[in-house]
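Visitor: The structure's right below; bear with me while I get my questions together.
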Amino acid sequence: AGFDTCHAVNAAEARRAAEKFDPDAALIDVDLGDGPNGIDLARVFERTRPELVAVMLTARPSSVVSGQLPPNVGFIRKSLISEPGALFDVLDTALRNGGDTIHYDDDSPTPLATLSASQREVLRLIALGLSNLEIAKRRGITQSGAEQAVSAVFRGLGLQHIDELMPRVEAVRIYIEARGLPRRSDAS
Numbered sequence: 181a182g183f184d185t186c187h188a189v190n191a192a193e194a195r196r197a198a199e200k201f202d203p204d205a206a207l208i209d210v211d212l213g214d215g216p217n218g219i220d221l222a223r224v225f226e227r228t229r230p231e232l233v234a235v236m237l238t239a240r241p242s243s244v245v246s247g248q249l250p251p252n253v254g255f256i257r258k259s260l261i262s263e264p265g266a267l268f269d270v271l272d273t274a275l276r277n278g279g280d281t282i283h284y285d286d287d288s289p290t291p292l293a294t295l296s297a298s299q300r301e302v303l304r305l306i307a308l309g310l311s312n313l314e315i316a317k318r319r320g321i322t323q324s325g326a327e328q329a330v331s332a333v334f335r336g337l338g339l340q341h342i343d344e345l346m347p348r349v350e351a352v353r354i355y356i357e358a359r360g361l362p363r364r365s366d367a368s
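Be aware that the sequence shown starts at 181, since it is given in the numbering used here, and climbs by one per residue.
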């Protein structure tokens, strides 16, 4: 699409890359793992690089994200990006009109939007068919810690008080409905 790009895996790397690469726009995921999140990074860019157009990628509904964003930062729900061309169109519009004009949301939040990144990862492992013990090993925590994490996922999905449902099975159904089947290669 004619864009020159630079990739960063966390907020610190993105700050360094922005100094060297001097981008016109930044496409930032809200969830950057451990450390500062994408919203924190957008705030830093607002102070240090006000000319930079920032667009946040999020799986969360606009009601959760929009109030946290600095001015002139747009967002798009990941579920609305069906092909690379859609993302290119968003960036092109943001560059022409400013990031704050970009607020793409389908207003139908998935139940996963209420979960933290850690909880979504635990849910993904559940959807892969891992037991609590296997989840504990994968995440480097105790089995009791894994059981607590799984229970937190069920609470986050509103599954803790539904007698007729098996929470683990229902949680997997919710995950698959929102994200599709997890790949077996994700299990390694």
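We treat Cβ as the ideally placed atom computed from N, Cα and C, and that holds for glycine. None of these values were measured; they are calculated from a predicted model.
Reducing DSSP to helix, strand and coil, say where I261 ends up.
Guide: What you label residue 261 is simply residue 81 of the sequence shown in a count that begins at 1. Note: I261 maps to coil in three-state DSSP.
Visitor: For R348, I'd like the list of residues in its chain whose CB is within less than 7 Å of its CB, leaving aside the five on either flank, ordered along the chain.
Guide: Here residue 348 corresponds to residue number 168 of the sequence shown, with the count starting at 1. Correct list, in chain order: I306.
Visitor: Taking the C-alpha atoms as reference points, what is the distance between L310 and G325?
Guide: Looking up residue 310 in the sequence shown gives position 130. Looking up residue 325 in the sequence shown gives position 145. Each residue's alpha carbon lies about 15 Å from the other.
Visitor: When DSSP labels each residue in this structure, what does C186 get in the three-state scheme?
Guide: Here residue 186 is taken as the residue at index 6 of the sequence shown, counted from 1. The answer is coil: DSSP assigns C186 none of H, G, I, E or B.
Visitor: How far does the beta strand (DSSP E) with A206 in it extend, from its first residue to its last?
Guide: Translated into the one-based positions of the sequence shown, residue 206 becomes position 26. Residues 205-209.
Visitor: Between the alpha carbons of D211 and D204, how many angstroms are there, rounded?
Guide: Taking the sequence shown and counting its residues from 1, the one referred to as residue 211 is at position 31. Taking the sequence shown and counting its residues from 1, the one referred to as residue 204 is at position 24. Cα to Cα, D211 sits roughly 22 Å from D204.
Visitor: Please confirm if F183 has its CB atom under 8 Å from at least one CB of chain D.
Guide: Protein chain content of the structure displayed is limited to a single chain, and chain D is not contained in it.
Visitor: Cβ atoms of A239 and L221: under 8 Å apart, would you say?
Guide: On the sequence shown, residue 221 is found 41 positions in, with the first residue counted as 1. On the sequence shown, residue 239 is found 59 positions in, with the first residue counted as 1. No, the Cβ-Cβ distance between L221 and A239 is not below 8 Å.
Visitor: Exposed or buried, L361, counting other C-beta atoms within 10 Å across all chains shown (16 or more means buried)?
Guide: Here residue 361 refers to the residue found at position 181 when the sequence shown is read from its first residue. With fewer than 16 Cβ atoms within 10 Å of its Cβ, L361 is classed as exposed.
Visitor: From I256 to K317, what does the alpha carbon distance come to, in whole angstroms?
Guide: Position 76 of the sequence shown, counted from the start, is the residue given in the question as residue 256. Position 137 of the sequence shown, counted from the start, is the residue given in the question as residue 317. One C-alpha to the other measures close to 35 Å.
Visitor: Would Q323 and L313 qualify as a contact pair, given that the criterion is a beta-carbon distance under 8 Å?
Guide: Taking the sequence shown and counting its residues from 1, one reaches residue 323 at position 143. Taking the sequence shown and counting its residues from 1, one reaches residue 313 at position 133. Yes, these two residues count as a Cβ contact at 8 Å.
Visitor: Distance check for L260 and L271, CA to CA, integer angstroms please.
Guide: The count along the sequence shown starts at 1 and reaches residue 271 at position 91. The count along the sequence shown starts at 1 and reaches residue 260 at position 80. Approximately 14 Å between the Cα atoms of the pair.
Visitor: Using a Cβ-Cβ cutoff of less than 7 Å, which residues in the same chain neighbour A123 once the five nearest sequence positions on both sides are dropped?
Guide: Past the edges of the chain, shown from 181 to 368, lies residue 123, and the structure says nothing about it.
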